[in-house]
Amino acid sequence: MSTTNTLNDWFATPPGKYLLECEQALFDHSVTDIFGFNALQLGLAEHNFLRASRMPLRAVVGNEAGVQVRLDMDELPFGCSSLDLVLLPHVLEFNAHPHQILREVERVLRPEGNVIISGFNPRSLWGARRVLGSQTNFPWRGDFIALSRLKDWLALLGFEVVTGRFACYAPPLTNPNWLNRFNFMEPAGDRWWAVWGGVYFLQAIKHVPGMNLIKPKWNEGLVGKLLPATPKLNREISQCKKTEPE
């Protein structure tokens, strides 16, 4: 078996090409209808998952060769609330601080901004391959994050998951002929065993709680001294006093 020292090396293998084709279609479909000005893709610079986006400013950043901005993903050098869309294609399972990355994404996204995440599903044939086989090569050396756990992280940070799905139901076979024989599992998986897909793909929106307007509690005596007393004004003051909570 050939050595895959990076995730991009693995994308050149038969199962990697199969997964990449599925995910590129999912990203293309999702980013088309998200509007704004600034979009960011973290990692995997060789693959343009923002190609279908209509946003005027699109950049690929990360700590690998080929990116437009070199940076540490858990310390993004962007201003608070400055981005409209962030893509995380298989970023979290290959980083030592996935929750910190999500915190940074929440910080740089504008209110109602979108994050789209793809990740390997540990509760699938792909997850079983990682547990039962060698974990020295990509992608099996990654720490696959359960979807339920990821949703909990997003909820704690104020995100709402709006769409999500699974893909890649065929087993991660290295022989392309055998892999092609399992093509029938893709449409069948969506219908019969959706949660067992090899990867999950979800989109979440950052929500900012609305502000509550604090109304003043009027001092009836002070108002009476400052304003001329009239029957109408006295009625309004009395009405306000009656409607004040105890």
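The opening position of the sequence shown corresponds to residue 768 in the numbering used here, with each subsequent residue numbered one higher.
Even for Gly, the Cβ is constructed at its ideal location relative to N, Cα and C.
Only a predicted model underlies this, so the values are computations on that prediction, with no experimental measurement involved.
C-alpha distance - Glu709 paired with Phe911, whole-angstrom precision: Outside the modelled stretch of the chain, which goes from 768 to 1013, sits residue 709, for which no answer is possible.
Residue environment, Asn888, which counts as buried when at least 16 other CB atoms sit within 10 Å: buried
Enclosing alpha helix (DSSP H) for Arg877 [first to last residue]: Not the alpha helix (DSSP H): Arg877 falls in the beta strand (DSSP E), residues 876-887.
Continuous beta strand (DSSP E) stretch holding Gly829: start and end: 824-829
Residue nearest to Glu879 in terms of C-alpha spacing, selected from Ala863, Pro976, Pro856, Gln791: Pro976
Own chain partners of Phe968 with C-beta closer than 6 Å, once the 5 adjacent residues on each side are dropped: Leu793, Ser885, Arg932
Contacting residues, own chain, Cβ-Cβ under 6 Å from Leu786 (five flanking each side not counted): Cys935
Straight-line Cα distance separating Leu899 from Val858: 23 Å
Delimiting residues of the beta strand (DSSP E) encompassing Arg932: 926-934
At least three beta-carbon pairs within less than 8 Å, the stretch 826-837 to the stretch 793-811: yes
Whole-Å CB distance - Thr941 paired with Thr780, under 8 Å assumed: 6 Å
Where the alpha helix (DSSP H) containing Pro943 begins and where it ends: 943-948
Where the beta strand (DSSP E) containing Val853 begins and where it ends: 850-856
Euclidean distance between Cα positions of Phe804 and Asn772: 35 Å
Limits of the unbroken beta strand (DSSP E) element including Ala806: 805-809
Three-state secondary structure (DSSP) of Val966: strand
Burial state of Asn775 (16 or more Cβ within 10 Å): buried
For Lys973, the residue or residues it bridges with in DSSP: Phe926
Cβ shell of Leu855 (< 6 Å), same chain only, five flanking positions each side left out: Leu809, Ile884
According to DSSP, residues forming a beta bridge with Val836: Val828
Proximal residues to Met822 (C-beta, below 7 Å), its chain only, five neighbours per side dropped: Gly803, Phe804, Asn805, Ala806, Asp851, Leu852
Rounded separation between Leu892 and Leu876 - CA only: 34 Å
Pro906 in three-state terms, based on DSSP: coil
Simplified DSSP state of Pro772, which is helix, strand or coil: According to the sequence as given, residue 772 is Asn; it is not Pro. Asn772: coil per DSSP, three-state reduction.
Of the residues Met840, Ser797, Ala971, Glu842, the one placed nearest Trp920, counting alpha carbons only: Ala971
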